[in-house]
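Student:
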Amino acid sequence: MSSRYDRAITVFSPDGHLFQVEYALEAVRKGATAVAVRGKDVIVLGVEKKSVVSLQEPRTVRKILKLDDHICLAFAGLTADARVLVNRARIECQSYKLTVEDPVSVEYISRYIAGIQQKYTQSGGVRPFGISTLIVGYDPDGTPRLYQTDPSGTYSAWKANAIGRNSKTVREFLEKAYTEGTGEETIRLAIKALLEVVETGGKTIEIAVLRKGQPLTLLDDKEIERIVKDVEAEKEKEKQQKIASGDDK
Amino acid sequence: QMCIRDSINAEYGTKDFVNNMETAIGIKLKDAVLIAVNTDCFRSIVKLNDADKIKELDRTKILAAVGEHGDREAFCEYIQKNVSLYAIRNNLALSTQGAANFTRHELAHALRSGPYNVNLLLGGVDEDGPSLYFMDYLASLNKLNFAVHGYSSNFILSTLDKYYKEGLSVEEGFHLLRLCINELKKRFLVRNVAFLVKVVTVAGVSVTTLNVEDVQV
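Protein chains in written order, with my numbering: chain A, 20 to 268; chain B, 244 to 460.
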């Protein structure tokens, strides 16, 4: 049944689905996990580093991209589609500044990117972008913001979110563990969330921190290792405590 | 790939030769570039007194423009935003030479449709040292040690020819600038009240205002 209604994006199925959009969401679900956590004074982006082929230059495979000095984006899904969307967004950031003399707000650029994604769900001869994005940044008034977009063209603000492989598990973890923290608390939370679904070891994750008024900083491997060890030691202790209290009962 | 294009209606209210009454002076120093532009700006019977005609493209590049006011502001802002876009896209800042050639290319592209009536001086400091580029409204480009735009060039270029040396310090550069302004004070018909001076080094851009009446050499 679905095969009759999934070829062209501009065709609804009888039960109200746009199958191309749903297939695009499937492509997103196959992409490497990305997580974002919003704190009071810091926003943390974390991505799962895909196992890098030894001959490949790792620094040319970037999943966390700068849109402007105060806004960054992480995506899950088709890398090439992300490149195209990010390029359009970067131009829009400068164009907006040129006409309005103010940097874009996070909401504006999220709306812009979502608008492009939506256009491609309602045009002939094109397919939707196979990516969901997590857009983080600071509004001109200093408030930290996190937005998510997806192939259907919807966008919404979040306190913390995850996209890509096993994003449901990460999101459930964040629903339980999230508190609006500051500084290192937020970084730890992002790492803990990623570690739920990623192979253990700091080498498999990449963490970027965006502080107000400062350029995006990528945590170096040693720093990530340190926090990962800390987090795992904490987990061990909790496990031991559970066992101990279990024995008492 | 183009960024945004301003389409300029070059008909009502514009002349197709460039106003030469403004002065822009650029001097290449040892580790810096000094650019001074007069701060008045006039059109018909109206005058602005504190115009800043030097746009900071990024931390180590400045673009000074003289000519039609609207074109100057629109063009310089457009160049500045494109320099930013390049840096964000490529995670690497444009070189001064790159910025100068990009600017000239934009001038050339617009020349036979909606030209920008601006004369430019672009100064920047890269790893291999400072450089100064001279561009005019017909999209010419020259890399020079010192340059002047406007009628004042008739007076000042000889001063600069005589006293310019390679490897001047910032103070020596300012002294040379004062010699030039003194020449204008004495012989140029147009009375300039003040010059805005920007010096760009590896560390960034510093801004000074030089009042012409205080200049004594």
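Beta carbons are placed, not taken as given, at the ideal position from N, Cα and C, and that holds for glycine.
Is L400/B close to chain A? Criterion is C-beta to C-beta, closer than 9 Å.
Tutor: Judged by the 9 Å Cβ criterion, L400/B is not in contact with chain A.
Student: Compute the distance between the beta-carbons of R421/B and V450/B, then report whether it is under 9 Å.
Tutor: no
Student: Any beta carbon of chain B sitting closer than 9 Å to that of K116/A?
Tutor: yes
Student: What would DSSP say about T168/A, mapped onto helix, strand or coil?
Tutor: strand
Student: Starting from the beta carbon of K85/A, find every residue of chain B whose beta carbon is closer than 7 Å, and list them in chain order.
Tutor: I331
Student: Tell whether a beta-carbon distance below 9 Å holds between R57/A and S186/A.
Tutor: no
Student: Exposed or buried, N385/B, counting other C-beta atoms within 10 Å across all chains shown (16 or more means buried)?
Tutor: exposed
Student: Bridge partners of Y174/A, per DSSP?
Tutor: T168/A
Student: Distance cutoff 9 Å, beta carbons only. Does L328/B sit that close to anything in chain A?
Tutor: yes
Student: Closer than 7 Å, Cβ to any Cβ of chain B: which residues of the stretch 107-136 of chain A, in chain order?
Tutor: R109, I110, Q113, S114, K116 and L117
Student: Below 6 Å CB to CB, which residues in the same chain sit around L453/B once its five sequence neighbours on both sides are set aside?
Tutor: F438 and V440
Student: Using only alpha-carbon positions, find the residue among L411/B, A390/B and E409/B that is nearest to S401/B.
Tutor: Cα-wise, what sits closest to S401/B is A390/B.
Student: Could you give the C-beta distance for I150/A and G96/A, rounded to a whole number, given that I count them as a contact under 8 Å?
Tutor: 4 Å
Student: Do we get a CB-CB distance below 9 Å when we pair D100/A with the residues of chain B?
Tutor: no
Student: Taking only beta carbons into account, state which residues of the stretch 302-327 of chain B come closer than 8 Å to chain A, listed in chain order.
Tutor: E320, Y321, K324, N325 and S327
Student: Here's a check: name, in chain order, each residue in its chain whose Cβ is nearer than 6 Å to the Cβ of A179/A, leaving out the five neighbours to either side.
Tutor: Only V56, L193 and Y197 meet the Cβ criterion.
Student: Out of curiosity, what's the CA-to-CA distance linking G35/A and R130/A?
Tutor: 24 Å
Student: In angstroms, rounded to a whole number, what distance separates the CA positions of D379/B and A308/B?
Tutor: 9 Å
Student: Given A294/B, which residues of its chain have a CB within under 6 Å of its CB, disregarding the five upstream and five downstream residues?
Tutor: T282 and C284
Student: When the Cα of E215/A is compared with those of P234/A, E244/A, V61/A and E251/A, which residue comes out closest?
Tutor: For E215/A, the nearest C-alpha among the options comes from E251/A.
Student: For H392/B, count neighbouring Cβ atoms within 10 angstroms of its own Cβ and tell me buried if that reaches 16, exposed if not.
Tutor: buried
Student: For the alpha helix (DSSP H) containing Y197/A, name the first residue and the last one.
Tutor: Run containing Y197/A: none; DSSP gives neither H nor E here.
Student: Please report how far the alpha carbon of L235/A lies from the alpha carbon of L364/B, in whole angstroms.
Tutor: 33 Å
Student: If you run the structure through DSSP and keep just helix, strand and coil, what is E67/A?
Tutor: strand
Student: DSSP three-state call for N362/B: helix, strand or coil?
Tutor: strand
Student: Which residues bound the beta strand (DSSP E) around R57/A?
Tutor: A53 to R57
Student: Do you know whose CA, among K408/B, Y359/B, G367/B and I399/B, lies nearest R430/B's CA?
Tutor: From the listed residues K408/B, Y359/B, G367/B and I399/B, the smallest Cα separation to R430/B is found for I399/B.
Student: For the putative contact between R302/B and G416/B, defined by C-beta atoms under 8 Å, what is the C-beta separation to the nearest angstrom?
Tutor: 20 Å between Cβ atoms; not a contact.
Student: How about A209/A and V54/A: do their beta carbons lie closer than 9 Å?
Tutor: yes
Student: Given a threshold of 16 other Cβ atoms within 10 Å of its Cβ, counted over all protein chains shown, does F148/A qualify as buried or as exposed?
Tutor: buried
Student: How about the stretch 132-143 of chain A and the stretch 56-70 of chain A: do they share at least three Cβ pairs that are nearer than 8 Å?
Tutor: no
Student: Within 10 angstroms of the Cβ of S287/B, are there 16 or more other Cβ atoms? Answer buried if so, exposed if not.
Tutor: exposed
Student: Buried or exposed for N360/B, please, with buried defined as at least 16 other CB atoms from any protein chain shown within 10 angstroms of its CB.
Tutor: Around the beta-carbon of N360/B, 16 or more other beta-carbon atoms lie within 10 Å, marking it buried.
Student: Does the stretch 110-119 of chain A come close enough to the stretch 66-76 of chain A to have 3 or more Cβ pairs within less than 8 Å?
Tutor: no
Student: How long is the line joining the alpha carbons of K195/A and G156/A, rounded to whole angstroms?
Tutor: 24 Å
Student: Relative to the alpha-carbon of D371/B, which residue among T339/B, G310/B, H418/B and S383/B has its alpha-carbon at the smallest distance?
Tutor: T339/B
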